[in-house]
Each structure stands twice: as structure tokens, then as C-alpha cells.
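In the working numbering, the protein residues as written are 11 to 253.
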């Protein structure tokens with residue numbers, strides 16, 4: 011069955027202070043692989059942009075059995091699944107030197123790039139267009155809802171600026187990974203790597219808005235929320251393992 015495959019060498023700018031692959035870099039790789047795969051299959055940017063249609067990622071989930079380090083060559087496999095009326099699923103597998111080291115999955119939706127309203131997948135995908143897509147899953151993950159953590163006290167704030175934007179004039183999804191990880195200190199992350207990560211994008215953020223970040227440690231994992239006022243814009247659930 012179809013898989014898009016691409017190798018990414020972990021460079022200095024992709025790694026954190028402890029030479030682990032940054033979450034934002036991982037999401038950038040995954041987004042690039044997804045876009046290249048969509049190009050191959052005929053629903054890439056050049057195919058949908060003239061129709062005023064764009065793709066927006068709604069959720070990410072990844073889990074790893076080992077850290078990804080500076081100098082590693084990470085091979086990412088990705089493939090789309092058959093679309094439903096609103097959501098498009100895409101799965102991922104991660105390899106280093108032939109060893110499978112992780113899996114991931116994502117949910118995307120289509121939107122009108124003029125009005126920013128969500129579109130049904132039928133706005134582009136016609137009946138039967140996805141019948142040949144993979145049914146194989148990298149992981150059967152269904153627990154997409156991240157619980158609200160309540161008022162745990164703001165940890166820090168971030169004002170949205172030009173460098174956070176993408177070509178849809180809102181914050182690129184990869185940026186939220188860096189924002190969320192900044193609730194941790196450098197000392198807290200020493201000797202650890204991200205074992206699993208889940209992100210939910212609730213609503214886009216625009217230039218000049220102030221995101222306040224809240225954190226709640228829940229045993230083996232931490233939940234982070236980014237809010238504008240009382241409105242949740244992004245949530246992340248992250249679990250660490252020791253090196």
C-alpha cells in the first residue's frame with residue numbers, strides 16, 4: 011500500500027539544549043511529509059489553493075520508544091486514510107536505521123481560506139476518490155479529548171508576533187509546541203525526552219493576541235493550556251521518560 015517516505019537528518023537547529031529533537035521540529039517534519047504526500051496524491055497546496063481551500067491540522071498524537079537525538083537520521087513514513095465527511099486522518103511511522111522508534115496520527119480538516127469556515131471534505135474529494143487509500147493504521151488512537159485543567163494559575167504569557175505566522179495569516183501549528191514546552195524549566199527537562207505528545211488546536215490565534223499558558227501536572231503526564239482571556243485556544247498533553 012501507498013506510503014510517502016522521507017529521511018530527515020537532525021541538525022543543530024532542530025535540537026534542544028540536551029540534543030533531543032524539539033517537538034516543533036518534529037511537527038515541522040511531519041507537516042512537510044504530509045504536504046509532500048498530498049502533492050503526490052493530487053490534493054496538495056497547488057491543487058487546492060486555486061479553489062480557496064486549505065488544510066488545517068486539528069490534532070496531533072505521537073509516541074516514541076526512544077529519544078531522537080542530534081545527528082540521527084529519522085525516516086518518516088506517512089499515508090492518508092479514507093476521509094469522512096469532515097475529518098481527514100493521516101498516520102505516521104518513524105524509523106532510525108531500520109528500527110521502528112515511534113508512531114503518530116493526525117486529524118485535519120478543510121477550510122475556506124477567505125472566510126476561514128470549515129468545509130466538508132466533499133468540497134474537494136468526490137465520491138469514491140479515496141477508495142484506494144490505506145486502511146492500515148500506525149496506531150488505533152481514539153482518545154482525542156484533552157480534559158480542561160481549570161484555573162491552575164498562569165505560568166507565562168506570549169504575545170503573537172510576525173514570526174509566528176504562516177501563509178494563512180495565523181499562528182502555524184508547529185509554533186504552539188514551543189510555546190507549550192516553555193512552561194517547563196531547563197532543569198526540569200534534564201535527562202528526559204518526550205515519550206508521548208498530544209495537541210488539540212481549538213481556535214486560531216492572530217497577531218497581537220496574548221496567550222496565557224496554564225499547567226497541571228497529573229502524575230505521569232502534564233496538561234498545558236493556552237488561553238486568550240477565558241477562551242482555550244490550544245491544549246497539549248505530554249508524557250516524559252528518562253534517558
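Backbone N, C-alpha and C define an ideal beta-carbon position, used for all residues, glycine too. Note that the coordinates shown come from a computational prediction; the quantities given were computed from them, not determined experimentally.
Quick check on the burial criterion: 16 or more other C-beta atoms within 10 angstroms. Buried or exposed for residue i?
i: residue 124; result: exposed
i: residue 210; result: buried
i: residue 228; result: exposed
i: residue 53; result: buried
i: residue 24; result: buried
i: residue 14; result: buried
CB-CB under 6 Å to residue i, same chain, minus the five flanking residues each way: which ones, in chain order?
i: residue 162; result: 224 and 226
i: residue 92; result: 140 and 143
Quick check on DSSP: helix, strand or coil for residue i?
i: residue 227; result: strand
i: residue 182; result: coil
i: residue 58; result: helix
i: residue 129; result: strand
i: residue 42; result: helix
i: residue 167; result: strand
i: residue 175; result: strand
i: residue 123; result: coil
i: residue 206; result: strand
i: residue 36; result: helix
As a quick exercise: from the options, pick the residue whose alpha carbon is nearest that of residue i.
i: residue 222; options: 236, 85, 214 and 230; result: 236
i: residue 193; options: 247, 205 and 58; result: 247
i: residue 38; options: 250, 59 and 18; result: 18
i: residue 190; options: 244, 77 and 89; result: 244
i: residue 179; options: 127, 215, 116 and 109; result: 215
i: residue 51; options: 116, 135, 230 and 196; result: 135
i: residue 174; options: 186, 48 and 165; result: 186
i: residue 151; options: 207, 137, 165 and 184; result: 207
Can you find the residues in the same chain that come closer than 7 Å, C-beta to C-beta, to residue i, ignoring five residues on each side of it along the sequence?
i: residue 146; result: 11
i: residue 133; result: 63 and 120
i: residue 130; result: 95 and 96
i: residue 252; result: 201 and 202
i: residue 112; result: 72, 73, 74, 75 and 104
Spatial neighbours of residue i within its chain, please: C-beta separation below 8 Å, excluding the five flanking residues on both sides.
i: residue 114; result: 40, 70, 71, 72, 73, 101, 102, 103, 104, 148 and 149
i: residue 169; result: 218, 219, 220 and 221
i: residue 20; result: 31, 35, 78, 79, 80, 81, 82, 83 and 84
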